[in-house]
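2 protein chains.
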Amino acid sequence: MARRNEHTQEELKEMIIAAAEQIVIEQGFSALTARKIAAKVNYTVGSIYMVFTNMDDLITQLKANVLDAITEEMNQLRHVPPAQYLEEMAKTYLQFSSQNFNRWSMIFEHRLPDGNPVPEWYQYKVEEAFQRVEAQFKSLTPSCSDIQIQRAARAIWGGIHGICALSLSNRLNSLDVYDIEGNMVLLVRNFVIGWINSADR
Amino acid sequence: MARRNEHTQEELKEMIIAAAEQIVIEQGFSALTARKIAAKVNYTVGSIYMVFTNMDDLITQLKANVLDAITEEMNQLRHVPPAQYLEEMAKTYLQFSSQNFNRWSMIFEHRLPDGNPVPEWYQYKVEEAFQRVEAQFKSLTPSCSDIQIQRAARAIWGGIHGICALSLSNRLNSLDVYDIEGNMVLLVRNFVIGWINSADR
DNA sequence: ACCTGAACACCGTTCAAGT
DNA sequence: ACCTGAACACCGTTCAAGT
């Protein structure tokens, strides 16, 4: 034992991530433990700490992968006018979060301890998502200042996320995804109508 | 030892809840443990299970208390026209969630295990919050059907919640509460404008 | 009837020791 | 250099035993 050299550190890292993702998908974030991961990849618990500084580090990687998966879905969207594009984004986000509920909710169920700030590269991924929304508002109302555009993007993306969060957490509430999609579209459409018609921006 | 009879079961329950709330406020939800609570109320861990079926039960009580606190804040709101009332609700929710961040985020960081459904009395408290929003839309557009009103309420309340959730979790992002409040108002105001002007409801 | 204390089956994290 | 195994300081939950 010790020094098996069966896998490179990089391979081990990927194996651990894959095993962890499987556990989250099947049993939810709260069921994710270092020992379960180790058993799944056939190493001892200690090995995890060769390639991750701690569980929070590992979980941050998992969360980043989910952000990437969402971005990937958004990249599939076809090119349509901005108002419609925003609706498509909202529907895509809803679809992703309902179809990948355990991975998606991990993003919000996990919080780094107070000392550890969210790493910059992770923040950057979040920013990227916002920029896609900002681009739509920029083409919708080109005369608006950057700050106005930013506000609109944050308001509507917050709104889109919030409908997902409330609807899916209370999802026993006899609301199916189709109904939620209606709320999604309602919010986006009315906000956009208001945004275009309003002098108050 | 054993059989101290210093407190009634009801008193013990309240002491435990109070101690748990203090821990959440000071150290966050993830730092809440049965043993810490027991130490704070000067009983042994086992005693908690005399008055709560398990930690999830206790946490559900804590979450309910937070919902009550939010409702309490909403009850302080003065009587104003519906469009303005919705904005006031949004601002109140933001203020509460930023001033009571650890208690508020507990509501969304904690999830009952898959077998345990959310208790009815808890669901009811959530419904109550929605009804207050529905009432505003009812007086804003009295001719709308109940289902339209419900959709509007869920859309806008989801939106309000989502802006809080995204803004406060990424709150290092150099956005202060005043900026977020601006996004809040922007969302509500534009949605309401859109809602009133739109034939598409 | 109330409460304890100890046990059980778990955690995350560290690190001396082996190859 | 890589990996283990065991330890440490924790968890939630149960329950026989004491008063």
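Those protein sequence lines, which keep their order, are chains A and B. No gaps in the numbering here: position 180 of the first sequence is 183 in my numbering, and each next residue is one more. No gaps in the numbering here: position 144 of the second sequence is 147 in my numbering, and each next residue is one more. Glycine included, C-beta positions come from ideal geometry on N, C-alpha and C.
Counting only the same chain and skipping the five closest in sequence on each side, list residues whose C-beta sits under 6 Å from that of B:Tyr-88.
-> Locating residue 88 of chain B in the second sequence gives position 85, where the first residue counts as 1. Within the same chain, Gln-139 come within 6 Å of B:Tyr-88 by CB-CB distance, once the 5 residues on both sides are set aside.
What are the start and end residues of each continuous beta strand (DSSP E) run of 3 or more residues lying completely inside the region 120–170 of chain B, in chain order?
-> Those beta strand (DSSP E) runs which fall completely within the region 120–170 of chain B and span 3+ residues do not exist here.
Keeping to the same chain, check which residues put their C-beta closer than 8 Å to that of A:Cys-147; ignore five residues upstream and five downstream.
-> For the purposes of this step, residue 147 of chain A is taken as the residue at position 144 of the first sequence. Closer than 8 Å at Cβ, skipping near neighbours: Phe-140, Lys-141, Ala-155 and Arg-204.
A:Leu-190 and A:Ile-166: beta carbons closer than 8 Å?
-> Position 187 of the first sequence, counting from 1, holds the residue named residue 190 of chain A. Position 163 of the first sequence, counting from 1, holds the residue named residue 166 of chain A. For A:Leu-190 and A:Ile-166, yes; Cβs fall inside 8 Å.
Provide the residue span of the alpha helix (DSSP H) that contains A:Gln-2, from first to last.
-> Nothing in the structure corresponds to residue 2 of chain A, since chain A is present only between 4 and 204.
Taking B:Glu-24 as the reference, give the member of B:Gln-12, B:Gln-98, B:Asn-119 and B:Leu-61 with the closest Cα.
-> Position 21 of the second sequence holds residue 24 of chain B. Check the Cα spacing between B:Glu-24 and each of B:Gln-12, B:Gln-98, B:Asn-119 and B:Leu-61: the tightest is with B:Leu-61.
Chain B within 8 Å of A:His-10, Cβ atoms only | For the purposes of this step, residue 10 of chain A is taken as the residue at position 7 of the first sequence. It does not; no Cβ of chain B falls within 8 Å.
Along chain B, in chain order, which residues have C-beta atoms closer than 7 Å to that of A:Val-129?
-> As a working note, residue 129 of chain A is residue 126 in the first sequence. Per Cβ cutoff of 7 Å: Asn-173.
Cβ-Cβ distance between A:Val-136 and A:Met-187 below 8 Å | Mapped onto the first sequence, residue 136 of chain A falls at position 133. Mapped onto the first sequence, residue 187 of chain A falls at position 184. With a cutoff of 8 Å on beta-carbon distance, A:Val-136 and A:Met-187 are scored as not near each other.
With a cut-off of 8 Å, do at least 3 Cβ pairs link the region 116–134 of chain A to the region 112–126 of chain B?
-> The region 116–134 of chain A makes no contact with the region 112–126 of chain B; the number of CB pairs closer than 8 Å stays below 3.
Tell me whether A:Phe-55 sits in a helix, a strand or coil according to DSSP, three-state version.
-> Position 52 of the first sequence holds residue 55 of chain A. Residue state, collapsed to three classes: coil.
Where the alpha helix (DSSP H) containing B:Pro-85 begins and where it ends | What you label residue 85 of chain B is simply residue 82 of the second sequence in a count that begins at 1. Unbroken alpha helix (DSSP H) run through B:Pro-85: 85–102.
Specify, as a first and last residue, the run of the alpha helix (DSSP H) that A:Ala-22 falls within.
-> Translated into the one-based positions of the first sequence, residue 22 of chain A becomes position 19. It spans 12–30 - the alpha helix (DSSP H) in which A:Ala-22 sits, taken as one unbroken run.
From the beta carbon of A:Trp-160, is the nearest beta carbon of chain B less than 8 Å away?
-> In the first sequence, the residue the question calls residue 160 of chain A occupies position 157. Yes, A:Trp-160 counts as interfacial toward chain B.
What do you reckon, are the CB atoms on A:Asn-105 and A:Gly-49 nearer than 8 Å?
-> Here residue 105 of chain A corresponds to residue number 102 of the first sequence, with the count starting at 1. Here residue 49 of chain A corresponds to residue number 46 of the first sequence, with the count starting at 1. No, the Cβ-Cβ distance between A:Asn-105 and A:Gly-49 is not below 8 Å.
Contact with chain B by A:Gly-165, beta-carbon distance below 8 Å = Position 162 of the first sequence holds residue 165 of chain A. Yes, because at least one Cβ of chain B sits closer than 8 Å to the Cβ of A:Gly-165.
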